[in-house]
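Note that the working numbering has the sequence shown beginning at 77, numbered continuously upward.
Backbone N, C-alpha and C fix where the C-beta goes; we use that ideal spot for every residue, glycine too.
This one's a predicted model, so the numbers in the text were calculated from it and none came from an experiment.
Some notes on the structure that comes next.
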Amino acid sequence: MQGDRTLEALRAVRAAAKEAEHGWVLDTAAPSPQRSARALAGEGLVETADRETRAELSAWEGRPVRWAVRLSATGHDLLAYAGVRPAPTPLEPGPGEQLVELAPSQMTALRVFVGLAGELKSPPATGLAEQVRTAVYDRGARRWQLRLTQEQMESAAYGFWLHRLTGSAAEANRFGRDYKVLFIPEPRNSGSAALP
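This is the structure we're talking about:
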């Protein structure tokens with residue numbers, strides 16, 4: 077199951093369990109928890125009643141119980157986490173910013189670049205690491221969305237150039253094509269250093 081569907085199914089299990097006196101969602105519940113229970117159990121998000129527990133539930137209910145689930149500790153924690161996680165907000169570029177949409181491979185390369193900030197002679201531009209950290213993933217477009225200044229875009233282009241020399245050129249080429257920003261190194265002379 078994927079994120080939103082998993083959360084929706086867990087919420088359905090939690091709601092049905094709250095209505096039950098014993099905390100188990102039984103086979104008489106709406107069909108949707110039953111359909112998703114197998115996938116949720118496979119992910120460790122719900123606990124499926126074993127034979128002994130079903131026998132106890134059958135005695136409680138006064139009828140045979142063939143199926144029962146309840147939230148596992150992990151499922152409970154996931155719902156708690158999802159309840160406080162900030163919801164992604166649409167990115168509206170501020171003054172001097174541009175909306176930049178990156179493919180997953182570009183975002184991976186950019187994360188490596190900002191992760192090396194302390195080791196680079198030319199570190200990422202101010203604020204680029206924060207923009208990468210708070211980027212929003214658009215599932216429909218399958219792109220990461222960031223709001224970058226021109227300086228941050230040029231810095232990102234430098235990161236893609238480093239990635240190009242150590243791996244794939246596709247990320248730098250796509251960024252250059254989409255945003256017309258490429259890093260092109262300037263030739264440097266060593267000057268008139270005295271030779272021994």
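When L133, Q221 and A156 are compared, the shortest CA-CA separation from G99 is found for L133. Nearest to D80 by alpha-carbon distance, out of E95, L116 and A93, is L116. DSSP assignment within the stretch 157–223 yields the following whole beta strand (DSSP E) runs of 3 residues or more, N-terminal first: 173–178 and 212–214. Per the coordinates, the alpha-carbon of P261 lies some 45 angstroms from the alpha-carbon of A158. Take the alpha-carbon of T124 and the one of R90: they are about 14 angstroms apart.
Non-local beta-carbon contacts of G235 in its own chain, meaning distances under 6 angstroms to residues more than five positions away in sequence, involve L186 and F189 in chain order. Within the same chain, no residue comes within 6 angstroms of T82 by CB-CB distance, once the 5 residues on both sides are set aside. One Cα belongs to K94, the other to M183, and the distance between them is close to 42 angstroms.
Distance check between R218 and each of E227, S181, Q228 and G243 places S181 closest, using alpha-carbon atoms only. Taking C-beta separations shorter than 7 angstroms and ignoring five residues to either side along the sequence, the partners of T150 in its chain run G120 and L121, following chain order. Around the CB of E247, 16 or more other CB atoms lie within 10 Å, so the residue is classed as buried.
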